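Number of protein chains: 2
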Amino acid sequence: MGSHSKNKNVTVLDVAKVAGVSKSTVSLVLTQSEKVSEKSKLKVQKAMDEIGYVYNRDAASLRSRRSNLVAIVINDLTNPYAAQLVVGLEKHISEMGLFSMIVNSGEDVERQQRLVRNLKEYNVVAFIICPAPGTTAKWTNDLNNQGFPVINIMREISGSKVPTVLPDNVNGTSLATQHLLSKGFRRIAFLGGNEAISDYHERLEGYVSAMKKGKVRSPKKYQIQSETNRHGGRQALEKALKIEPDLEAIVCFSDVVAYGAIEKMRELGKKPGKEIAVVGFDDLKDSRLMSPSLSSVKIDADKIGAATCQILKKIREQKKPRSKILVDIELIERDSSQ
Amino acid sequence: MGSHSKNKNVTVLDVAKVAGVSKSTVSLVLTQSEKVSEKSKLKVQKAMDEIGYVYNRDAASLRSRRSNLVAIVINDLTNPYAAQLVVGLEKHISEMGLFSMIVNSGEDVERQQRLVRNLKEYNVVAFIICPAPGTTAKWTNDLNNQGFPVINIMREISGSKVPTVLPDNVNGTSLATQHLLSKGFRRIAFLGGNEAISDYHERLEGYVSAMKKGKVRSPKKYQIQSETNRHGGRQALEKALKIEPDLEAIVCFSDVVAYGAIEKMRELGKKPGKEIAVVGFDDLKDSRLMSPSLSSVKIDADKIGAATCQILKKIREQKKPRSKILVDIELIERDSSQ
DNA sequence: ATATTTGTTTGGAACGTTCCAATAGCTATC
DNA sequence: GATAGCTATTGGAACGTTCCAAACAAATAT
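Heads up: the protein sequence lines correspond to chains A and B, in order.
Residue 1 is where the first sequence starts when you use full-length UniProt numbering, and the numbers rise one by one after that.
Residue 1 is where the second sequence starts when you use full-length UniProt numbering, and the numbers rise one by one after that.
Right, here's the structure in full:
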């Protein structure tokens, strides 16, 4: 039966006493200083194990005026790509010796604002934000000017001065569209997404420019907006088929939208990949394994994480980071677009 | 142009000076004490706005020996139900005036251990853990005895003394199976899940007992384990049809497994809901909107969150919490099982 | 008028760490 | 053998808050 009491904590002083050194030496060990002898280091570590010492980050952070917390403010945890992204970010952040504080804005600007206000109180190293729709440049800039480094990811805020990490959206849908054109498809629609988010405009632009470059007719009505979830995909496909019964292929705003569209095709008796070719965006884990396997534009969450941490490193070194990193994408051709 | 400097922070002393009160009074306002006059309170709040004061939780937490952080250690953020669960938990936790620290073990015990070791350093109020397979009772008990309250959710650890919140798994699959039996199906298989996790055993038990109660043959070979993702569902269904070509219905370990199974059916030319009835578990948001809409056993993430916080409240009040809360489930009948 | 109660406000100490400047213990140099 | 130049170690102060016991102010009771 262990002790439930929290009356008296084990502190560096206790460690110091047991190890036979001063508290300062213990502190040097804790901060992994170079200038502590191997002998002292071992003594201290042994003492810590022995008496069950737990480092108190509150005290450390208070005194040193820097924490090891990085805030990740994600737009929607229940979106599978967002979840994948968080995992990728977390990995790189922890490799930097930092700890991620993940919060979910749920695409709600006010909630986002509230969360960030709270997170400031923890003295976080930086805010990594995938901004909710409606986030203003002023807000991100103000936050930055208050001394909190901000990095925007996935979505761009026009006028914002904070460094931003983005996938090469334009190139992504452009490659996807070119791929479909090269397979001989002509009546190609763009499904899903909505104007409130910057990536919609970029992905749409890639599609439009590729169609133009291919000299293929692409009327406005081929651009069908929807919610960026499965249900949105279903609705968008239904609408698309009403507008263009001879639809040959679709470029989707995201894999999730593609999933919905494929479901709807089946419901309407159209064979996905056979009668209507499909390319998604994100390349979720499931896309490789479904049937037909889904062609998709892969955004490597690991690369996004790496790029974000590259900026984070610069910031910690007090150097000026690159203001924008475009992470390259890759078109993965699978059965849904043959 | 704001100041980038962090040389000198604005503290309670500055607020006190501006408000014309003592730092102690400012502190009382910050901790929302009853015994500060309305007049002082307003003066202090005005002063805080005026000079842009940011509360320093490190200092507060250090002095008061209690933080407002609750650790949520989730098994797999990329699992859609887990993400939904986190959102439900977060809501209730924030309603208690606490802040969630979400970390992802990725079903890896060692990573889980490392994360918890780190989180201890933040002096968290409690650990809410959906334990990775392989988590031992000793580990959770030790953690608890060290003075860190632990609450297990979704998965039970036999021999563990920590309070646990679970959905009524047995009843869930039992209802699902009874429902299929009442529709006249007889050759009903149980698909997905694996023995490393406690909920598998419970869900399997519900199915087995309902089949027995219905006096319907249910050989061991009707129980087909798999990974608990989409791909696992696909494989499980394929295997099931090899073993029993005249399969009439399936009870799935989770909705995600059901999604995979449904995909595979389509690939093999079997109509889900028409030729093979399907019931899932979790009731993900998508399940309502897909086609055919998926019957499922709903675990209300909000209820799990509420039950967990009920325990958390008891713990904070130093009272003994209930050692186990069984959250009721609900069978949602939709088109996939008519 | 004085004593008592009630309710607010207050300065000093404390939380557990890191920072800093000073010191001690070396070794190498002259 | 004295001095300089390292390197490793050290005690005291500081970070910004809350706790505590004491002081004060206002209202009520005697």
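Idealized CB from N, CA, C, for every residue including glycine.
Small disclaimer: the values here were computed from a predicted structure and weren't measured.
Fill in: Rounded separation between residue 357 of chain A and A/V256 - CA only
The question about residue 357 of chain A has no answer here: the residues shown for chain A are numbered 1 through 338.
Item to complete: Starting from B/C252, trace the beta strand (DSSP E) both ways and give me its first and last residue.
Response: Taking the first residue of the second sequence as position 1, residue 252 of chain B is located at position 252. Here the beta strand (DSSP E) through B/C252 covers 249–252.
Worksheet item: Looking at A/K120 and B/V165, is the spacing between their C-beta atoms short of 8 Å?
Response: The sequence position of residue 165 of chain B within the second sequence is 165, counting from 1. The sequence position of residue 120 of chain A within the first sequence is 120, counting from 1. Not closer than 8 Å, so no.
Worksheet item: Relative to the ligand MG, is the shortest distance from any of its heavy atoms to the C-beta of A/A132 smaller than 7 Å?
Response: With respect to the ligand MG, the structure offers nothing, as it holds no ligand at all.
Discussion item. Here's the rule: buried if 16 or more other CB atoms are within 10 angstroms of the residue's CB, otherwise exposed. What is A/E156?
Written reply: The sequence position of residue 156 of chain A within the first sequence is 156, counting from 1. With 16 or more Cβ atoms within 10 Å of its Cβ, A/E156 is classed as buried.
Item to complete: Flag this pair as yes or no: are the beta carbons of B/G214 and B/R203 separated by less than 8 Å?
Response: Taking the second sequence and counting its residues from 1, the one referred to as residue 214 of chain B is at position 214. Taking the second sequence and counting its residues from 1, the one referred to as residue 203 of chain B is at position 203. No, Cβ-Cβ distance for B/G214 and B/R203 is not below 8 Å.
Discussion item. Counting only Cβ pairs nearer than 8 Å, list the residues of chain A close to residue 339 of chain B.
Written reply: The displayed coordinates of chain B run from 1 to 338. Any statement about residue 339 of chain B would go beyond what the structure contains.
Worksheet item: Which bits of chain A does B/N152 rub up against, with CB to CB less than 7 Å?
Response: Locating residue 152 of chain B in the second sequence gives position 152, counting from the first residue. Those within 7 Å of B/N152 in chain A number zero; the least Cβ separation is about 18 Å.
Item to complete: Ignore the nearest five residues each way along the sequence and tell me which others in A/L98's own chain have a CB closer than 6 Å to its CB.
Response: As a first step, residue 98 of chain A must be located in the first sequence, where it is residue number 98. Once the five neighbours on either side are set aside, the close Cβ partners of A/L98 are N68, V70.
Worksheet item: Excluding the five sequence neighbours on either side, which residues of its own chain have a C-beta within less than 8 Å of the C-beta of A/R334, listed in chain order?
Response: The residue you call residue 334 of chain A lines up with position 334 of the first sequence. Excluding sequence neighbours, A/R334 sits near S287, R288, P292, S293, L294, S295, S296.
Worksheet item: Does the count of Cβ pairs from the stretch 77–92 of chain A and the stretch 109–127 of chain A closer than 8 Å reach three?
Response: no
Discussion item. Which same chain residues end up closer than 7 Å to B/V208 when comparing Cβ atoms and leaving out the 5 residues on each side of it in sequence?
Written reply: Along the second sequence, one-based indexing puts residue 208 of chain B at 208. Excluding sequence neighbours, B/V208 sits near S218.
Worksheet item: If A/V73 sits next to A/I129, beta carbons under 8 Å apart, how far is it from one beta carbon to the other, in whole angstroms?
Response: Mapped onto the first sequence, residue 73 of chain A falls at position 73. Mapped onto the first sequence, residue 129 of chain A falls at position 129. With a Cβ gap of about 4 Å, A/V73 and A/I129 count as contacting.
Discussion item. Is there a C-beta anywhere in chain A that falls below 8 Å from the one on B/E244?
Written reply: If you number the second sequence from 1, residue 244 of chain B lands on position 244. It does not: the Cβ of B/E244 has no partner Cβ on chain A nearer than 8 Å.
Worksheet item: Do the stretch 317–331 of chain A and the stretch 160–180 of chain A touch if we need at least three Cβ pairs shorter than 8 Å?
Response: Touching, yes.
Worksheet item: To which residues of the same chain is B/L237 closer than 6 Å at the C-beta, ignoring the five residues directly before and after it?
Response: Indexing the second sequence from 1 puts residue 237 of chain B at position 237. Correct list, in chain order: A261, K264.
Discussion item. So A/Q84 contacts chain B; which residues on that side make the cut at Cβ distance below 9 Å?
Written reply: Stepping through the first sequence from its first residue, residue 84 of chain A is reached at position 84. Within chain B, the residues near A/Q84 are L77, T78.
Discussion item. Run through the DSSP bridge pairs and tell me what A/F190 is partnered with.
Written reply: Taking the first residue of the first sequence as 1, we reach residue 190 of chain A at position 190. DSSP lists A/Q223, A/V251 as partners of A/F190.
Worksheet entry | Opening and closing residue of the beta strand (DSSP E) in which A/K298 lies | As a working mapping, residue 298 of chain A is identified with position 298 in the first sequence. 295–298 is the span of the beta strand (DSSP E), which, as asked, contains A/K298.
Discussion item. I'd like the span of the beta strand (DSSP E) that includes B/A83, first residue to last.
Written reply: Numbered from 1 along the second sequence, position 83 holds the residue referred to as residue 83 of chain B. That residue, B/A83, is in no beta strand (DSSP E); its alpha helix (DSSP H) goes 80–95.
Worksheet item: Alpha carbon to alpha carbon, what distance is there between A/E95 and A/V124?
Response: Residue mapping note: residue 124 of chain A aligns to position 124 of the first sequence, counting from 1. Residue mapping note: residue 95 of chain A aligns to position 95 of the first sequence, counting from 1. About 17 Å.
Worksheet item: With distances taken from CA atoms, which of A/T173, A/N169, A/M211 is nearest A/G184?
Response: On the first sequence, position 184 is the one that residue 184 of chain A refers to. For the residues A/T173, A/N169, A/M211, the minimum Cα distance to A/G184 belongs to A/M211.
Item to complete: Please decide whether A/M48 counts as near chain B, where near means a Cβ-Cβ distance under 8 Å.
Response: Taking the first residue of the first sequence as position 1, residue 48 of chain A is located at position 48. No, because no Cβ of chain B sits closer than 8 Å to the Cβ of A/M48.
Fill in: Three-state secondary structure assigned by DSSP to A/M211
Counting from 1 along the first sequence, the entry for residue 211 of chain A is found at position 211. Three-state DSSP puts A/M211 in a helix.
Worksheet item: Among the residues of its own chain, which have a CB less than 8 Å from the CB of A/A29, if the five just before and after it don't count?
Response: Position 29 of the first sequence holds residue 29 of chain A. Position check: residue 29 of chain A holds Val in this sequence, whereas Ala was assumed. V36, S40, K41, V44, Q45.
Practice prompt. For the alpha helix (DSSP H) holding B/L289, just list the boundary residues, first then last.
Written response: Locating residue 289 of chain B in the second sequence gives position 289, where the first residue counts as 1. No alpha helix (DSSP H) contains B/L289, which DSSP labels as neither H nor E.
Practice prompt. Determine the DSSP secondary structure at B/N152, reduced to helix, strand or coil.
Written response: Within the second sequence, numbered from 1, the residue matching residue 152 of chain B stands at position 152. Three-state result, B/N152: strand.
Item to complete: Return the first residue and the last residue of the alpha helix (DSSP H) that A/L143 is part of.
Response: The residue labelled residue 143 of chain A in the question sits at position 143 within the first sequence. Per DSSP, A/L143 belongs to the alpha helix (DSSP H) from 137–145.
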